[in-house]
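Trainee: Got a structure for you, questions after.
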Amino acid sequence: MQNEFDPPEGGEEATEALDTVVILPSQTAAEIAGACREAALTFINESKAWGKAELGMWLTGTYAALTQHASKESPGQVWPVPLLRDIDARLIERIMESARTEIFETLAAIAKDNSASFVLRALIAGTVIRCQDGQGEPAWAPTGEAPRLADRVLSLFAVDYLARPGDYETELSVCRQCETVAFDGMAKIRGCSHGMQHSALAPRRHSTMPYPPLGA
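Numbering (this note's numbering), first residue to last: 1030 to 1245.
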């Protein structure tokens, strides 16, 4: 399946199937879910102000760290993304805008009628996998197998949903007016996230930049 970023051809694909149960080194199931939720919310709430550098940081930093243990890639290998400096900035903007729209509509459907079919799609597509956490307890993890940006972010929400589905029924707030997503029971009752502090919603261009992206 072709990656929407259209990376250069020639890279060797891993052929080995994932183990039936992936064992994560130390994290608990709750910590995995929490990290996935935080990373996904960062994208949906902040990426409107991102450019190539910020997207690269999110993909090769935050996202790669979450998928490294359940990925088919060799240990230590950075999850493959093309050199962002070689991609037109306008294309990056269109990809992010399209991804945000799809993710927002998916979450809005959950908030409206608890329709979580995206979780089943993630499981079928293999972007989410069953695993064991560091305590030997059942857990879920993203695999990094999604070819599209929207599916990568939705795989993170799927892991979180599988760990704590009740939050999506009682706390998920999707505000169309300010285009934000939050887990806030009071905001859900009001039908928006305007009750949150503005600083919590304002884009932070450097919040996902632990180190420079490859080729950025």
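Think of the CB as a built atom: it goes at the ideal place given N, C-alpha and C, for glycine as much as any other residue. Quantities reported herein were computed from a predicted structural model and do not represent experimental measurements.
1) Quick one: what does DSSP say P1194 is sitting in, helix, strand or coil?
2) Report yes or no: do three or more beta-carbon pairs, one from the segment 1118-1127 and one from the segment 1193-1207, lie closer than 8 Å?
3) I need the DSSP call for A1118, collapsed to helix, strand or coil.
4) Tell me which residues share the same chain as F1186 and place their Cβ nearer than 6 Å to its Cβ, disregarding the 5 neighbours each side in the sequence.
5) Counting only C-beta atoms, is E1131 closer than 8 Å to chain B at any point?
6) Helix, strand or coil: how does DSSP classify S1055 here?
7) Roughly how many angstroms separate the alpha carbons of F1212 and G1155, rounded to a whole number?
8) Quick one: what's C1204 bridged to in DSSP?
9) Just how far apart, CA to CA, sit A1078 and E1166?
10) Assuming D1162 contacts T1057 (C-beta within less than 8 Å), just tell me the rounded distance between them.
11) According to DSSP, simplified to helix, strand and coil, what is A1168?
12) Could you tell me which residues DSSP puts in a beta bridge with I1139?
13) Could you please give me the residues that DSSP links to C1160 through a beta bridge?
14) Below 8 Å CB to CB, which residues in the same chain sit around R1066 once its five sequence neighbours on both sides are set aside?
15) Start and end of the alpha helix (DSSP H) containing T1096?
16) Taking the alpha-carbon positions, what's the M1125 to L1178 distance?
17) Secondary structure at S1076, three-state DSSP: helix, strand or coil?
18) Please work out which residues of its chain come closer than 8 Å, Cβ to Cβ, to W1169, disregarding the five sequence neighbours upstream and downstream, and give them in chain order.
Mentor: Working from what's here:
1) helix
2) no
3) helix
4) A1069
5) The structure shown contains no chain B; it holds only a single protein chain.
6) coil
7) 26 Å
8) T1209
9) 38 Å
10) 5 Å
11) strand
12) Its beta-bridge partners do not exist; DSSP assigns none.
13) V1051, A1168
14) L1185, F1186, D1189, F1212
15) 1093-1096
16) 7 Å
17) helix
18) A1058, I1061, A1062, V1157, I1158, R1159, C1160, A1187, V1188, L1191, A1192
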